[in-house]
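*Asks:* Quick one: the structure is below, questions incoming.
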Amino acid sequence: MPGKSEAVTRRTEARSGESGEGSTFVLSRGVVMLFAVACGAAVANVYFSQPLLVTMGHDLGMSPAVVGSVVTLTHVGYGLGLFFLVPLGDVADRRRLIVAQLLLLVMALAVVAAANTAAILLVGMAATGLLAVVTQTLVAFAASLAPPAGRGRVVGLVTSGVVIGILLARTASGLMADLAGWRSVYLASASLTALLALVLYRVLPRHSDAPPTTLRYGQLLRSTITLFAREQLLRLRALFGLLVFAAFSTLWSSVALPLSEAPYFLPHSAIGALGLIGVAGALAATAAGRLNDRGLSRRTTGIALTLLAVSWLPLAFIRSSLWALVVGVILLDLAVQAVHVTNQTLIYALHPDAGSRLIGGYMVFYSIGSATGAIAATSLYTVAGWGAVCALGATFSCLGLVLWAFTRHGTPDPAAEVTSRSGT
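Our numbering applies: residue 13 is where the sequence shown begins, and numbers increase by one.
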């Protein structure tokens, strides 16, 4: 194994030297926070509609089945964008690509805000999901600009913006819709997105020092699949991503059901406010990034997966205690985000010149896990209740922990190798 690890180290350092984007641009904390804000604002568009479905349906005369397809089409668009758009970051000027996608996202949001028929709304929501993947292009760009020794910290900070955007989207859209109608949510988001496009155009580096990739578009998409076939660590981390986000979605797609029933009968606004508790996950994102920079990715993953499995114990008792819910939510979100940041840091280190393809391909598994957890949890709650949902979430979590236990010594860790080499 030492020879294999050294090979991975040499390859990683060579790739880092080739990428070179961080060598001519100083990635200040302010710019990192700008990346985080832009990521959170973009990904929030995928989740804004969830508290607004009933209002949208009444406004446009949509049947319940059609209203439900609003969320489905948004996520389908997002999944397609991960595979077909995010890899473009490896062959195009990322600054121009990001600005172009943000401006197109403004147009999609305007279509949603102005929709006067169900068909127009559905087209606009699908386009919104497709273009919201600019979030992952931003993550890859931030990782490429960061020095290798501090990449985990940067990815952690940027991911904290993603976490906050996801968790606060429902709360923010519900409050705005109550004040000014559901269309105001998308008008406000379009305005913010346009502003971010202008700021990013002025702040991000104009040129990359990285040699241009000569792959044609079809070759680019095929190479994403080739990377999965070739890289054991990528496949492993993608499986971790699928399992932890299946657990994450198991909770967040179904927790409103028991809370809206006896003994609580909580209103939607109160349930949406639970996202504020989940912001604790953003703390894990930054802490996990720093641990990865110290070469502790395996240990971080193991501890986080253990916490994820443990989190379902208090969650099982939420019918008798809201404090149990608070504890469980904090543990679960801390664990999920710690694994997520570790995954992204490690897979980017494999091939920095293919960072967009690596992160885009990894996020496809994230989407599969999220969809699986949501569908399974809501279906299971109907037939077997909250206890069965918790058992499902614990199963996903324990599968991840077992996978880690059996693979923790058998897979090279490029980030740890680079850290070790730089310290000698």
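Ideal Cβ placement from N, Cα and C applies to all residues, glycine included.
#1: In three-state terms, what does DSSP make of Phe153?
#2: Classify Ser391: buried if its beta carbon has 16 or more other beta carbons within 10 angstroms, exposed otherwise.
#3: Below 8 Å, can you find three or more Cβ-Cβ pairs linking the stretch 344-359 to the stretch 65-79?
#4: Distance, Cα to Cα, Leu208 vs Ala417?
#5: Do you know how far the Cα of Gly73 is from the Cα of Gly422?
#6: To the nearest angstrom, how far is the alpha carbon of Arg242 from that of Thr419?
#7: Would you mind listing the beta strand (DSSP E) stretches within the stretch 311-380 that are 3+ residues and don't spill past its ends, in chain order?
#8: So for Thr419, helix, strand or coil by DSSP?
#9: Can you give me the C-alpha to C-alpha distance between Arg247 and Ala296, rounded to a whole angstrom?
#10: Output the distance between the C-alpha atoms of Gly162 and Arg302, rounded to the nearest integer angstrom.
#11: Could you pull the start and end residues of the alpha helix (DSSP H) that Ala139 belongs to?
#12: Which residue wins for smallest C-alpha separation from Cys402, given the options Val146, Leu344 and Val414?
#13: What three-state label does DSSP hand Arg228 in the structure shown?
#14: Measure how close the beta-carbons of Gly381 and Ala258 come, nearest whole angstrom, since I'm counting them as under 8 Å.
#15: Exposed or buried, what is Gln244 when buried is set at 16 or more other beta-carbons lying within 10 Å of its beta-carbon?
#16: For Ser156, which option in Phe329, Ile289, Val44 and Leu413 has the closest C-alpha, if you only look at C-alpha atoms?
#17: Do Ala152 and Ser368 have their C-beta atoms within less than 7 Å of each other?
#18: Quick check: what's the CA-CA separation for Leu117 versus Thr262?
#19: What does the alpha-carbon distance come out to for the pair Val38 and Arg106?
#20: Give me the Cα-Cα distance between Arg195 and Thr238, rounded to the nearest whole angstrom.
#21: Out of Thr86, Arg249, Thr313 and Leu404, point me to the one whose CA is closest to Leu327's CA.
#22: Taking Ala227 as the reference, which of Arg306, Thr129 and Ala104 has the closest Cα?
#23: At the level of alpha carbons, what is the spacing between Leu439 and Arg218?
#24: Should Asn57 be labelled buried (16 or more other beta-carbon atoms within 10 Å of its own) or exposed?
#25: In this structure, how does DSSP classify Tyr59 when only helix, strand and coil are distinguished?
#26: Are Leu288 and Leu413 closer than 7 Å when you measure CB to CB?
#27: For Gly230 and Thr394, I'd like the C-alpha separation in whole angstroms.
#28: With DSSP run on the structure shown, which of helix, strand or coil describes Phe96?
#29: Determine the DSSP secondary structure at Ser265, reduced to helix, strand or coil.
#30: By alpha-carbon positions, which one of Gly164, Leu65 and Ala406 ends up nearest to Thr84?
#31: Using a Cβ-Cβ cutoff of less than 6 Å, which residues in the same chain neighbour Val260 once the five nearest sequence positions on both sides are dropped?
#32: Report the rounded CA-to-CA distance for Val174 versus Val167, giving the unit in angstroms.
#33: I'd like to know if the stretch 371-385 and the stretch 321-338 are in contact, where contact means that at least 3 CB-CB pairs between them fall below 8 Å.
#34: For Phe277, does the three-state DSSP call read helix, strand or coil?
*Replies:* So, to answer that:
#1: Phe153 falls in the helix class under three-state DSSP.
#2: Exposed, by the Cβ-count rule.
#3: As far as the Cβ criterion goes, the stretch 344-359 does not touch the stretch 65-79, which means the pair count is below three.
#4: Rounded to the nearest angstrom, the two C-alpha atoms are 42 Å apart.
#5: Approximately 56 Å, taken between the alpha carbons.
#6: Their Cα atoms are separated by approximately 17 Å.
#7: Complete beta strand (DSSP E) runs here, min 3: none at all.
#8: The answer is helix: DSSP assigns Thr419 an H, G or I state.
#9: If I take the Cα positions, the gap works out to 23 Å.
#10: Distance between the alpha carbons of Gly162 and Arg302: 8 Å.
#11: Its alpha helix (DSSP H) spans residues Ala130 to Leu143.
#12: With distances taken between Cα atoms, Cys402 lies closest to Leu344.
#13: Note: Arg228 maps to coil in three-state DSSP.
#14: Distance from Gly381 to Ala258 at the Cβ level is roughly 4 Å; contact confirmed, criterion being Cβ atoms closer than 8 Å.
#15: Exposed is the call here.
#16: Per the Cα distances, Val44.
#17: Taking 7 Å as the Cβ cut-off, Ala152 and Ser368 qualify as a contacting pair.
#18: Taking the straight line from one Cα to the other gives about 29 Å.
#19: Each residue's alpha carbon lies about 16 Å from the other.
#20: Spanning the two alpha carbons is a distance of roughly 43 Å.
#21: Closest by alpha carbon: Leu404.
#22: Correcting the residue type first, residue 227 is Leu in the shown sequence and not Ala. The residue from Arg306, Thr129 and Ala104 with its alpha-carbon nearest to that of Leu227 is Ala104.
#23: Here the chain comprises residues numbered 13 to 436, so residue 439 is not present and cannot be evaluated.
#24: The residue in question, Asn57, is buried, as its Cβ has 16 or more Cβ neighbours within 10 Å.
#25: Judged by DSSP in its simplified three-state form, Tyr59 adopts coil rather than helix or strand.
#26: Cβ distance not < 7 Å, so Leu288 and Leu413 don't count as in contact.
#27: A straight line joining the alpha-carbon of Gly230 with that of Thr394 spans about 43 Å.
#28: It is helical.
#29: It is coil, neither helix nor strand.
#30: Closest in alpha carbon position to Thr84, among Gly164, Leu65 and Ala406, is Leu65.
#31: The sequence shown places Phe at residue 260, not Val. Excluding five sequence positions before and after Phe260, the CB atoms of its chain that fall closer than 6 Å to its own CB belong to Val348, given in chain order.
#32: C-alpha separation (whole angstroms): 11 Å.
#33: No: the two stretches stay apart, fewer than three of their Cβ pairs being nearer than 8 Å.
#34: DSSP places Phe277 in coil when its eight states are reduced to three.
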